[in-house]
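Asker: In numbering that gives the first Met the number 0, the protein residues as written are 0 to 435.
Just so it is clear, CB atoms sit at the ideal spot from N, CA and C, and this is done for glycine as well.
Take this structure first; my questions come after.
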Amino acid sequence: MIKTGLVLLAVLTVVLAVRAVFNYTEGRKLARAVAELKEQGIPISAKDLAPPCPDEDNAARLWKAVENLLLIGGEDRGTLALAFTNFVAGKPLDPTHRDALAKMIVRNEMALQLMCKMGGKPCFLYRDPAAALTETKIPDAVKMILTTRLLGFEALLMAEGGDVLGAVEKLRAALKSSPKLAGEGLLITYLLAVADTRTLLSFLSGVCGGRILADATLVSLIDEIDPSAWRSRLAKSISGERIFNLEWGSDLIQGKVRAMAGEKSTNRLLYWLIRPILKAEVLWRLQKYSRWEQIAANPYFRQRELLKTESKVLDHAPWYFKLSGHWEGGAFGTIFLKNAMLEATFLVSRTGLASRLYKSRMGKYPENLEALVPGILNEVPIDPFTGKPLVYRREGEGFIVYSLGSNEKDDGGRSTYMITQEVMDKDDDWTWREDR
């Protein structure tokens, strides 16, 4: 019995000694990696990530007021959801939905006005810049989606009532606020901004399609509907995820309860024992986020190939990284897909408006996209999904222009607004059509 105890004690001593060495070496590696990031000017704290945003310039203050003012109950939410589903499917607005939406708009007039004013502010910072990202607050996503959709229907009803310019200006104002939301530095707010922007662009198509617009309005819209800065905003949001990972890992390493799976003493002992592994995992994650940032700078048709390689790396991640209970692998394939969907919507909308401007100047729609360059566009718009020009063709007195979407198939311009996976068999084109 004594001999067995001595053997166990010796084994325990060796294990603890190995753990101590591993803990020290992994700690040094992690500290060096963080120091290198700092030397390169890469944000490593929530305070580093936050843009300068004084209260008088902060659109988030207006949004917080919208959150308090918004009055859309359960029944109204159902009506708004169904009306939006029908709208993106190309169906006419149901008369009962029209009446209900009009009442909702009147009840939420102040909230909708504040939503438009947000675009006039230089920045958006909802969270406390001094607080850690692990403790940060984010905008109410449901309320933001509801408000954006209601604002879109307000613009659509204005256009149907004859105030086309007022409807366009309302959507332009809202479109100016979403890039600021995307630039806050959090991936979740970036994705919310992507969803809002796609919604607004869909309503812009509904408002502009078949209605007369002045050349000056078309020129302004073409200039403003530009996807070029969105990849850099995505990269910044990935940088925010890196900071979140660093904060979360630091909390676990230090044994802070808020980061643990529970407060039991057994959990505390487990996290103490695997502390060297936690340090190795945080370091591995930091390297992965740097790679995701590099991939984000590429168009989607290149990202897709790069992701195939990265997915193999994730599949072969050390099994013991799952001991912390927080290892989630990578969801960046879906994130890059959503960004590509936004780019495609931007490019198709911009090209549709450019074709409208061409007709206003030349008396007819262009025969091909090359005719838009360089007089209206600087270059032929490239489909982010294929790396080839958008599909454009004349149809009768009008035209159709579209992206092939994630399935890379020509579905004839038929589209599915709600994409739930990276490749779908459903009609997947992103379209702008003018009948005459």
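Which runs of the beta strand (DSSP E) fall wholly inside the region 324 to 406 and span at least 3 residues, in chain order?
Answerer: For the region 324 to 406, whole beta strand (DSSP E) runs of length 3 or above, ordered along the chain, are 390 to 394, 397 to 402.
Asker: Using DSSP bridges, identify the partner residues of ARG432.
Answerer: The count along the sequence shown starts at 1 and reaches residue 432 at position 433. Looking at the DSSP assignment, ARG432 forms a beta bridge with ILE399.
Asker: Rounded to a whole number of angstroms, what is the C-alpha to C-alpha distance between VAL390 and ASP225?
Answerer: Residue numbering aside, residue 390 sits at position 391 when the sequence shown is read from its first letter. Residue numbering aside, residue 225 sits at position 226 when the sequence shown is read from its first letter. Approximately 19 Å between the Cα atoms of the pair.
Asker: Applying the 10 Å Cβ sphere with the 16-neighbour rule, what's the burial state of ARG31?
Answerer: Within the sequence shown, numbered from 1, the residue matching residue 31 stands at position 32. So ARG31 ends up on the exposed side.
Asker: Cutting at 6 Å between CB atoms, please list the residues of its own chain near VAL193, excluding the five before and the five after it.
Answerer: In the sequence shown, residue 193 corresponds to position 194, counting from 1. The answer, listed in chain order, is LYS337, LEU341.
Asker: Taking DSSP as the reference, what is the three-state secondary structure of ASN107?
Answerer: As a first step, residue 107 must be located in the sequence shown, where it is residue number 108. ASN107 falls in the coil class under three-state DSSP.
Asker: Kindly provide the ranges of any alpha helix (DSSP H) runs that are 4 or more residues long and lie completely inside the region 172 to 217, ordered along the chain.
Answerer: Those alpha helix (DSSP H) runs which fall completely within the region 172 to 217 and span 4+ residues are 177 to 181, 186 to 207.
Asker: To the nearest angstrom, report how far apart ARG274 and ARG232 are at their CA atoms.
Answerer: The residue labelled residue 274 in the question sits at position 275 within the sequence shown. The residue labelled residue 232 in the question sits at position 233 within the sequence shown. Going by the C-alpha atoms only, they are around 34 Å apart.
Asker: DSSP three-state call for ASN85: helix, strand or coil?
Answerer: Taking the first residue of the sequence shown as 1, we reach residue 85 at position 86. In the structure shown, ASN85 sits in a helix (DSSP, three-state: H, G or I).
Asker: Can you look up ASN57 in the DSSP assignment and give me helix, strand or coil?
Answerer: Counted from its first residue, the sequence shown places residue 57 at position 58. Correct three-state label for ASN57: strand.
Asker: On the CB-based measure, 16 or more other CB atoms within 10 Å of its CB, does GLU292 come out buried or exposed?
Answerer: Sequence index remark: in the sequence shown, residue 292 carries index 293 (1-based). Per the 10 Å Cβ criterion, buried.
Asker: Just to confirm the assignment, what range does the alpha helix (DSSP H) spanning ARG148 have?
Answerer: Walking along the sequence shown from the start, residue 148 turns up at place 149. Counting along the chain, the alpha helix (DSSP H) containing ARG148 begins and ends at 140 to 159.
Asker: Please confirm whether GLN302 and ILE294 have their CB atoms less than 8 Å apart.
Answerer: As a working mapping, residue 302 is identified with position 303 in the sequence shown. As a working mapping, residue 294 is identified with position 295 in the sequence shown. The answer is yes: Cβ separation under 8 Å.
Asker: I'd like the list of long-range same chain contacts for MET143, defined as Cβ closer than 7 Å, with 5 residues on each side in sequence excluded.
Answerer: As a working note, residue 143 is residue 144 in the sequence shown. These residues qualify, in order along the chain: LEU191, ASP195.
Asker: Taking buried to mean at least 16 other C-beta atoms within 10 Å of its own C-beta, is THR78 buried or exposed?
Answerer: Here residue 78 refers to the residue found at position 79 when the sequence shown is read from its first residue. The residue is buried, with at least 16 neighbouring Cβ atoms inside 10 Å.
Asker: Taking LEU123 as part of the alpha helix (DSSP H), name the residues at either end of that continuous run.
Answerer: Within the sequence shown, residue 123 is the residue found at index 124, counting from 1. The residue you asked about is not Leu; residue 123 is Phe in the sequence shown. Here PHE123 belongs to no alpha helix (DSSP H), and DSSP marks it neither H nor E.
Asker: Considering only the beta carbon of each residue, do ALA154 and VAL105 sit closer than 8 Å?
Answerer: On the sequence shown, position 155 is the one that residue 154 refers to. On the sequence shown, position 106 is the one that residue 105 refers to. Not in contact: ALA154 and VAL105 (Cβ atoms no closer than 8 Å).
Asker: Just to confirm, are TRP431 and ALA343 a CB contact at a threshold of 8 Å?
Answerer: Position 432 of the sequence shown, counting from 1, holds the residue named residue 431. Position 344 of the sequence shown, counting from 1, holds the residue named residue 343. Not in contact: TRP431 and ALA343 (Cβ atoms no closer than 8 Å).
Asker: Compare the beta carbon distance of THR350 and PRO383 with 8 Å and say whether it is the shorter of the two.
Answerer: Position 351 of the sequence shown, counting from 1, holds the residue named residue 350. Position 384 of the sequence shown, counting from 1, holds the residue named residue 383. In this structure, PRO383 does not lie closer than 8 Å to THR350 by Cβ.
Asker: Can you name the start and end residues of the alpha helix (DSSP H) that LYS235 belongs to?
Answerer: Counting from one through the sequence shown, the residue named residue 235 turns up at place 236. Its alpha helix (DSSP H) spans residues 229 to 252.
Asker: Are LEU124 and ALA64 close, meaning C-beta to C-beta below 8 Å?
Answerer: Position 125 of the sequence shown holds residue 124. Position 65 of the sequence shown holds residue 64. The answer is no: Cβ separation not under 8 Å.
Asker: Going by beta carbon distance, what residues of the same chain come within less than 8 Å of GLU366, once the five residues before and after it are set aside?
Answerer: For the purposes of this step, residue 366 is taken as residue 367 along the sequence shown, with counting starting at 1. If we look at GLU366 and ignore the five residues flanking it on each side, its Cβ neighbours are ARG393.
Asker: Hey, out of MET109, GLU108, LEU81, LEU111, whose CA is closest to ARG97's CA?
Answerer: Counted from its first residue, the sequence shown places residue 97 at position 98. Of MET109, GLU108, LEU81, LEU111, the residue nearest in Cα terms is LEU81.
Asker: Going by alpha carbons, who is nearest to VAL218 out of TYR357, LEU200, LYS175?
Answerer: Position 219 of the sequence shown, counted from the first residue, corresponds to residue 218. The residue with the shortest Cα to Cα distance from VAL218 is TYR357.
Asker: So, using beta-carbon positions, are ALA279 and TRP229 closer together than 8 Å?
Answerer: By 1-based counting over the sequence shown, the position of residue 279 is 280. By 1-based counting over the sequence shown, the position of residue 229 is 230. No, the Cβ-Cβ distance between ALA279 and TRP229 is not below 8 Å.
Asker: At the level of alpha carbons, what is the spacing between THR95 and CYS122?
Answerer: As a position in the sequence shown, residue 95 is number 96, starting the count at 1. As a position in the sequence shown, residue 122 is number 123, starting the count at 1. Whole-angstrom Cα-Cα distance: 38 Å.
Asker: Which of the three DSSP states is assigned to ASP75 in this structure?
Answerer: Here residue 75 refers to the residue found at position 76 of the sequence shown. In the structure shown, ASP75 sits in a helix (DSSP, three-state: H, G or I).
Asker: Rounded C-beta distance between SER348 and SER204? I'm assuming under 8 Å.
Answerer: Looking up residue 348 in the sequence shown gives position 349. Looking up residue 204 in the sequence shown gives position 205. About 6 Å separates the two Cβ atoms, so the contact holds.
Asker: Reducing DSSP to helix, strand and coil, say where ASP47 ends up.
Answerer: Stepping through the sequence shown from its first residue, residue 47 is reached at position 48. Helix.
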